[in-house]
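Enquirer: Protein chains in written order, with the numbering used here: chain A, 533 to 862; chain B, 899 to 1743.
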């Protein structure tokens, strides 16, 4: 009995952050549910995730990038670049499947560029991706000018607007991608390497961790992920336009940080990120449903972000404190 | 006995769960050198902290010249004549020697409210000249050698009425010549009646220098001895609390065949290290710090770039490019600095142990978790590592157990050659003996071991053969049984300074000291020519040059239209809000922060000022409201990141969303139109230039002045350059960082009001992307995003450059859609240029 109790206690301790987030999520759901009778409707619940799924895809990779002590501000611009490259390739007569590939390729190359500039140029990721934030958006605008592409083949709409049963197609795509990222992070050495580089980059070099390869790989994969999100966005709006996904990077980072990943690197949680995404999604759409003006969602996002971060920090300090005490008493 | 200069009575200090000091009493007599010794964790650094004023004792009192005092901080201590010279000189890389001296002594000299650089420089060179070490006051701290840093620190302490001087391991990174100069200095201070506390691990130094010895153990005074009446053995047994046997578990065996050879391998052109290594052999590498032992080892495993030479293994000749390549060939390295190069402090013991060998336990790309766990547990148990479980962070382990974890990390790789760099540094006596036993056992199993150590007894006790390294070359080779301590040491020191022996007592040296005159001092300063060329190559001049060329091209291209008054003032008007905010952002980033909420804050300020203007008209009230809102927002960012100890990116990401939401709420989906003329005259009127341009120019000018000539500005640079050091010497870092956010907020508010007044309306998307323009200007202007360096002038010029580029595109009829591409390229060009410059500087030095 006490053995089981001990294991439960251990599990609670190990997942304290996730449990807090789960608590917050439930509170938010209960509140929103009490304000609107429509909230607990399954179709609404599934639909509300649509907007956040695109952010979520990027946030998955962003979790790993931030865990290495890096950041990628260029993802929103990369989404726009993908959208525009896809749309305008199609407009130029490229068959749609190839046009999508072209968009994904552009996004992947964008990510590769970030990775190489960070590793080979030894420039802080914040600066590199700040520059490419402007650069990729600029490329999208230069190709798109003030125009947009809104005529796509019918089947293309399925990606962003279709259902399989009651489930939106992009939700299934997201789950698939989340599983892939989680498998790579948990079942291969990549996860340990990511933690190590974030915890102490110098020690990582001495410990034979392939840091350059890891970083280039992660930023490239983040680019590809932004590309996939870009294709989904384009399909959802049935429009390719250069001003899509503005501020996207910040929403993705917010979800990651809300999930408890340390912004300075060394510790990250994919499940935390997904919970963070859910909280943000419920807030945004739940409040809308409860006829609370959207701006309250924006305000609350800010407050929740800071409050959770403060709570995380406070927990970490407390934890350290307790560990020190137990160390000296034994 | 005379009246002690400083007396610490019955001092106790507790940290959460730890009793660092308990009832420690120590008195320091004038003109005495009092040695303080003890093992790691005995409480020496805590005692230094209490004496310097950095830590407040929980019990006990400090008496200075017989008076009981309470120190409010290190600055207070220094003012009263108590100085502490830390082991690693607390360095601010981008500050000048003069400024550093000032921070370390009485603070920056002020005159009429601004920093008096002239006085500061002369005070610094005078103080340093009295020690006979000419160091130009304008040199940057990062260009100083370890010895020079120490001289500056002592000079700074000396500049005041110094009564007690604490030195923490002062000789760690000094050459023998520099050590003897330090001894002279101490003798000199001693003669002047200064009480000196000398903390050292090196007992030979302690016996050379000191008059009395205090031994600390487990936070208590274990023993207080008169140096002349005691022996090294007595001190050592007081330190460890029992009799220590000088016994090394060394088994002598016939060595096996050669498995490894270094053929002239070195990371420097003048280095040349050649030797062979046999299986089952322990090869000791001895030498001074900087002789090139660790450097060689790091070159051997591919962490450093080899300048010459190769490595020969039994089956191949090669050079490794990464530690992973070396690992694959069975060559592994236990680094010297455990905390920096070895540990992943926040990660678990399991992860720390397995990290290097994960790829050996994969099935395809997938890890075999159970197998990894089993090998880790077996490996750790073999070394009798003590820990609660594999999941606890390694930072909670003792030094000895941490070292065992890292040793296990490398032993799991089943290496052929094991390079150990200071394997027993900073671990307790018991763990030391275990590591020694392990080294012998590993050699017995046929492993080839290279043992790098600065502890002569260890090298002599454990090695089969010793190579003495000097200047990156093998100076002498000894076989076991053929060496003596003296022979090894003299082979380690450079020939030309060999005669400069360390004296028995420091007094003997004080007479020969020569002092440098100020003339000599001046000679060493960089010539005017190189100063000018440095200025011409500075970021500001570079940007100004680009601006000029761009302007010239545009003038020709536009047939002079570019130079028209309207166009020029239009450009300036356009960049005004960005420059205003960028001045504040420069402060924030120099101090080590960042603020990405500036755009949203601009929106709120613009909205509130807009409402006020619409309601009441006039200039002053809206200005007050706009700036006030900015100050409040900035204070909020500052409070959360500094007092709340949250990362500024995180905080301002949150407030960015929060401020934007409040703005949207306030606007209620509408725009504010038709602001009264009494208000818009601020943005649209002018005298020669429009008013906003005048405001922008004065803010920039004041901004430059504040950064270079106020106490606040200078402390910003110190804090950003080395926050830890700033804390240690007692600079008000928190307050200064907080204020940088507030100042930025105020300037953003001002920018918002000016923008309102210029356009006569507030739009629904005000300030979107504004923060990126501002940060881009700061970065292109040459400010280091990690803090510590950057100039307001550079920022302003860069903002102008970004504005001019947009203007250029209008003239060249390039679609504004290309605008962002140009901004992106400018940022990349700036940082890549920076990187190249830095690399060239490194090559030159």
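Backbone N, C-alpha and C define an ideal beta-carbon position, used for all residues, glycine too.
Would you mind telling me which residues of chain B sit closer than 7 Å to residue 850 of chain A, beta carbon to beta carbon, in chain order?
Expert: Chain B residues near residue 850 of chain A: none, gap ~11 Å exceeds 7 Å.
Enquirer: How would you list, in chain order, the residues of chain A whose beta-carbon sits under 9 Å from the beta-carbon of residue 1684 of chain B?
Expert: 656
Enquirer: Where do the ends of the beta strand (DSSP E) carrying residue 1566 of chain B lie?
Expert: Neither: residue 1566 of chain B is in no beta strand (DSSP E) and is coded neither H nor E.
Enquirer: Which residues in chain A sit within 7 Å of residue 1715 of chain B, going by Cβ to Cβ distance?
Expert: Under the 7 Å cutoff, chain A gives 673, 674 and 677.
Enquirer: Give me the Cα-Cα distance between residue 1495 of chain B and residue 1668 of chain B, rounded to the nearest whole angstrom.
Expert: Here the alpha carbon of residue 1495 of chain B sits roughly 9 Å from the alpha carbon of residue 1668 of chain B.
Enquirer: Looking at C-beta atoms only, is the number of pairs between the region 710-722 of chain A and the region 777-789 of chain A that lie closer than 8 Å three or more?
Expert: no
Enquirer: When the Cα atoms are used, what is the spatial distance from residue 1423 of chain B to residue 1655 of chain B?
Expert: Bear in mind that a pLDDT of 43 at residue 1423 of chain B, under 50, signals an unreliable position, so the number given afterwards is only what the model happens to contain. So the alpha carbons of these two residues sit roughly 51 Å apart.
Enquirer: Rounding to the nearest angstrom, what Cα-Cα distance links residue 1226 of chain B and residue 740 of chain A in this structure?
Expert: 10 Å
Enquirer: Using three-state DSSP, classify residue 903 of chain B as helix, strand or coil.
Expert: coil
Enquirer: Here's the rule: buried if 16 or more other CB atoms are within 10 angstroms of the residue's CB, otherwise exposed. What is residue 1421 of chain B?
Expert: Caution is warranted here: a pLDDT of 38 is assigned to residue 1421 of chain B, below 50, making its placement in the model unreliable, and no coordinate value can be reported.
Enquirer: Is residue 834 of chain A close to chain B? Criterion is C-beta to C-beta, closer than 9 Å.
Expert: It does; some Cβ of chain B falls within 9 Å.
Enquirer: Contact defined as beta carbons within less than 8 Å: I believe residue 1627 of chain B pairs with residue 1068 of chain B. What is the distance between those atoms, to the nearest angstrom?
Expert: That pair is no contact at about 17 Å.
Enquirer: Could you tell me which chain A residues have their CB closer than 8 Å to the CB of residue 1249 of chain B, listed as they occur along the chain?
Expert: 724, 727 and 728
Enquirer: So residue 1123 of chain B contacts chain A; which residues on that side make the cut at Cβ distance below 8 Å?
Expert: Those within 8 Å of residue 1123 of chain B in chain A number zero; the least Cβ separation is about 30 Å.
Enquirer: Give the straight-line distance between the Cα atoms of residue 578 of chain A and residue 558 of chain A, rounded to the nearest whole angstrom.
Expert: 16 Å
Enquirer: Between residue 746 of chain A and the rest of its own chain, which residues show a CB-CB distance below 8 Å, the 5 nearest in sequence each way excluded?
Expert: Within the same chain, Cβ atoms closer than 8 Å to the Cβ of residue 746 of chain A are found at 600, 722, 725, 726 and 729, the five residues on either side in sequence being excluded.
Enquirer: Whose C-alpha, out of B/1630, B/1235, B/1186 and B/1455, is nearest the C-alpha of residue 1323 of chain B?
Expert: B/1235
Enquirer: If you pair each beta-carbon of the region 1522-1534 of chain B with each one of the region 1680-1694 of chain B, do three or more pairs fall below 8 Å?
Expert: no
Enquirer: Consult DSSP for residue 1146 of chain B and reduce its assignment to one of helix, strand or coil.
Expert: coil
Enquirer: Do residue 830 of chain A and residue 970 of chain B count as a contact pair if the criterion is CB distance below 9 Å?
Expert: no
Enquirer: Looking only at C-alpha atoms, which of A/679, A/638 and A/828 sits nearest to residue 1558 of chain B?
Expert: A/828
Enquirer: Taking Cβ positions only, does residue 719 of chain A come closer than 9 Å to chain B?
Expert: Yes, residue 719 of chain A lies at the interface with chain B (some Cβ there is under 9 Å from its Cβ).
Enquirer: Quick one: what does DSSP say residue 1571 of chain B is sitting in, helix, strand or coil?
Expert: coil
Enquirer: With 9 Å as the threshold, decide whether the Cβ of residue 1723 of chain B is near any Cβ in chain A.
Expert: Yes, its Cβ sits closer than 9 Å to a Cβ of chain A.
Enquirer: For residue 1465 of chain B, which option in B/1264, B/1090, B/1038 and B/1706 has the closest C-alpha, if you only look at C-alpha atoms?
Expert: B/1706
Enquirer: Tell me, please, whether the region 563-575 of chain A touches the region 617-626 of chain A by the rule of three or more beta-carbon pairs shorter than 8 Å.
Expert: no
Enquirer: Anything in chain A within Cβ reach of residue 1233 of chain B, meaning under 7 Å, just list it in chain order.
Expert: 738
Enquirer: Let me make sure I understand the geometry here. Which of B/1611, B/1535, B/1510 and B/1607 has the alpha-carbon closest to that of residue 1578 of chain B?
Expert: B/1510
Enquirer: Helix, strand or coil for residue 655 of chain A? Go by DSSP, reduced to three states.
Expert: coil
Enquirer: Report the neighbours of residue 659 of chain A on chain B: residues whose CB is nearer than 8 Å to its CB, in chain order.
Expert: 1677, 1683, 1725 and 1729
Enquirer: Can you look up residue 1181 of chain B in the DSSP assignment and give me helix, strand or coil?
Expert: strand
Enquirer: Name the two residues that bound the continuous beta strand (DSSP E) containing residue 1171 of chain B.
Expert: Start and end: 1171-1176.
Enquirer: Is residue 1713 of chain B helix, strand or coil when you go by DSSP?
Expert: coil
Enquirer: Using a Cβ-Cβ cut-off of 8 Å (strictly less than) and excluding sequence neighbours within five positions of residue 1266 of chain B, which residues of its own chain qualify?
Expert: Within the same chain, residue 1266 of chain B has close Cβ partners 1259 and 1260.
Enquirer: Leaving aside the five residues before and after residue 1482 of chain B along the sequence, list all residues of the same chain whose C-beta is less than 6 Å from its C-beta, in chain order.
Expert: 1641, 1642 and 1645
Enquirer: Mapping DSSP to helix, strand and coil, what is residue 1242 of chain B?
Expert: The DSSP-derived three-state label of residue 1242 of chain B is coil.
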